[in-house]
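Numbering (this note's numbering), first residue to last: 3 to 330. Some notes on the structure that comes next.
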Ligand SMILES: [Fe+2]
Ligand SMILES: [Fe+2]
């Protein structure tokens with residue numbers, strides 16, 4: 003009955019010790035890769051973990067529109083403007099699918115938004131960095147969307163059905179985002195000396211923050227073990243980070259750029275690229291609200307929410323009128 007082990011990296015199969023019969027039956031279904039649906043019984047902690055993860059993910063999509071939105075009016079050509087507009091709109095869509103997926107767990111969207119606006123909820127630390135030049139739009143697509151894909155592909159097989167299904171479409175769109183970013187970098191790197199310098203400068207600033215996107219090292223990641231037993235998470239932070247590094251270093255070399263890490267080296271024995279020390283104090287500082295743009299980002303979200311009050315009001319009145327008409 004308990005024959006199936008959890009995925010790679012798990013420390014053996016989850017023990018049933020101390021579980022109620024419902025919890026043990028739930029774990030059995032997870033082990034058999036049976037998807038959990040909104041009406042199924044689930045442990046309270048599973049529900050809470052998912053609400054936290056999916057809402058953080060939704061907030062990240064919405065806040066992630068801000069650094070790039072900054073460049074829509076300054077894109078260097080009509081073609082670039084169209085592509086960037088489409089990408090930023092995709093991110094809004096990702097946020098909406100994810101808020102909807104979170105709502106299937108019985109949480110109210112208003113509650114999630116209040117938590118974001120009050121600074122209680124977290125979102126990805128990467129979006130608290132500024133976009134200083136057009137090359138940053140290339141670096142974000144290439145590195146930030148690239149890291150997002152690495153994180154999100156395994157989520158298409160997450161045990162919670164609505165989250166897994168939302169991720170399928172999101173991943174397709176992310177792959178377009180990654181390519182548009184790389185294409186911008188490629189064009190800059192084939193351009194003038196000054197353009198290539200811009201590309202290098204963007205890589206220098208975005209490389210380390212994008213490695214931090216995978217979260218703290220496995221030893222310090224508090225949620226990893228339980229999330230893996232529940233198949234919310236399929237790989238550890240360090241595994242995904244290493245995959246991203248191995249994929250991205252050769253791409254940087256193809257561009258003719260240098261990674262801002264003097265300790266970077268290829269390890270023949272393991273077949274992996276090894277990096278120097280990540281400055282985790284920077285990560286924690288940014289997560290705790292003290293990154294370069296935290297206040298600006300949150301301020302922009304709150305302002306957008308307040309300025310959108312009339313839309314919500316109009317939608318509510320319209321729905322009431324429709325309902326009244328139906329009743330009549
Ligand atoms: Fe996205
Ligand atoms: Fe994206």
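Even for Gly, the Cβ is constructed at its ideal location relative to N, Cα and C.
The stretch 74 to 91 in contact with the stretch 113 to 129 per 3-pair CB rule at 8 Å: No, they do not touch.
For residue 207, I'd like the list of residues in its chain whose CB is within less than 8 Å of its CB, leaving aside the five on either flank, ordered along the chain. Cβ neighbours of residue 207 beyond the five flanking positions: 131, 134, 138 and 141.
Is residue 147 buried or exposed, if buried means 16 or more other CB atoms sit within 10 Å of its CB? It is buried - the Cβ of residue 147 has at least 16 other Cβ atoms within 10 Å.
Helix, strand or coil for residue 288? Go by DSSP, reduced to three states. Secondary structure at residue 288: helix, using DSSP grouped into helix, strand and coil.
Contact between the stretch 86 to 102 and the stretch 53 to 65 (3+ Cβ pairs under 8 Å): Counting C-beta pairs with one atom in each stretch, the stretch 86 to 102 and the stretch 53 to 65 have three or more that are closer than 8 Å, which means they touch.
CA-to-CA distance, residue 231 to residue 14, given in whole angstroms: Its pLDDT being 49, under 50, residue 14 is placed unreliably by the model, and the measurement read from it follows with that caveat. Cα to Cα, the separation comes out at about 9 Å.
First and last residue of the alpha helix (DSSP H) that includes residue 303? Its alpha helix (DSSP H) spans residues 296 to 309.
Give the residues whose C-beta lies closer than 5 Å to at least one heavy atom of ligand 2, in chain order. The set, ordered by position in the chain, is 147, 176 and 179.
If you drop the 5 nearest sequence neighbours on each side, which residues of the same chain put their C-beta closer than 8 Å to that of residue 261? Excluding its 5 nearest sequence neighbours in each direction, residue 261 has C-beta neighbours in its own chain below 8 Å: 205, 209, 251 and 254, listed in chain order.
To the nearest angstrom, report how far apart residue 305 and residue 196 are at their CA atoms. In this structure, the straight-line span from the alpha carbon of residue 305 to that of residue 196 is close to 37 Å.
Contact set for residue 90: own chain, Cβ-Cβ below 6 Å, skip 5 residues either direction: Closer than 6 Å at Cβ, skipping near neighbours: 67, 70 and 71.
Since residue 269 sits in a beta bridge, which residues does DSSP pair it with? By DSSP's assignment, residue 269 forms a beta bridge with 274.
Between 176, 179, 234 and 26, which lies nearest to residue 157 when the distance is taken from Cα to Cα? Checked all of 176, 179, 234 and 26; the closest Cα to residue 157 is 234.
Just to confirm, are residue 242 and residue 169 a CB contact at a threshold of 8 Å? No; because the gap between Cβ atoms is not below 8 Å, this pair is not in contact.
Under DSSP, the alpha helix (DSSP H) around residue 153 begins and ends at which residues? Boundaries of the alpha helix (DSSP H) around residue 153: 148 to 154.
Can you round the beta-carbon distance between residue 334 and residue 285 to whole angstroms, since I take them to be within the 8 Å contact cut? Here the chain comprises residues numbered 3 to 330, so residue 334 is not present and cannot be evaluated.
Minimum length 4: unbroken alpha helix (DSSP H) runs contained in the stretch 167 to 236: Segments of the alpha helix (DSSP H) lying fully in the stretch 167 to 236: 195 to 214 and 226 to 231.
Let me check one thing: in DSSP terms, what residues is residue 162 bridge-paired to? DSSP output for residue 162 lists 38 as bridge partner(s).
Would residue 247 be called buried (16 or more neighbouring beta carbons within 10 Å of its own) or exposed? Answer is buried; the Cβ neighbour count reaches 16.
I believe residue 63 touches residue 25 by the beta-carbon criterion, under 8 Å. Please report the beta-carbon distance rounded to the nearest angstrom. With a contact defined as Cβ atoms closer than 8 Å, residue 63 and residue 25 miss out at about 32 Å.
Less than 8 Å separating the beta-carbons of residue 276 and residue 267? Yes, they are a contact pair.
Mapping the DSSP letters down to three states, classify residue 65 as helix, strand or coil. Here residue 65 sits in helix by DSSP.
Grab the span of the alpha helix (DSSP H) containing residue 99 for me, first residue to last. Annotation: the continuous alpha helix (DSSP H) that includes residue 99 extends over 80 to 105.
Leaving out five residues before and five after residue 1 in sequence, what residues of the same chain have Cβ atoms less than 8 Å from its Cβ? Only positions 3 to 330 of the chain appear in this structure, which leaves residue 1 out of reach.
What did DSSP end up calling residue 256 once you bin it into helix, strand or coil? Three-state DSSP puts residue 256 in a helix.
Given residue 171, which residues of its chain have a CB within under 8 Å of its CB, disregarding the five upstream and five downstream residues? Only 99 meet the Cβ criterion.
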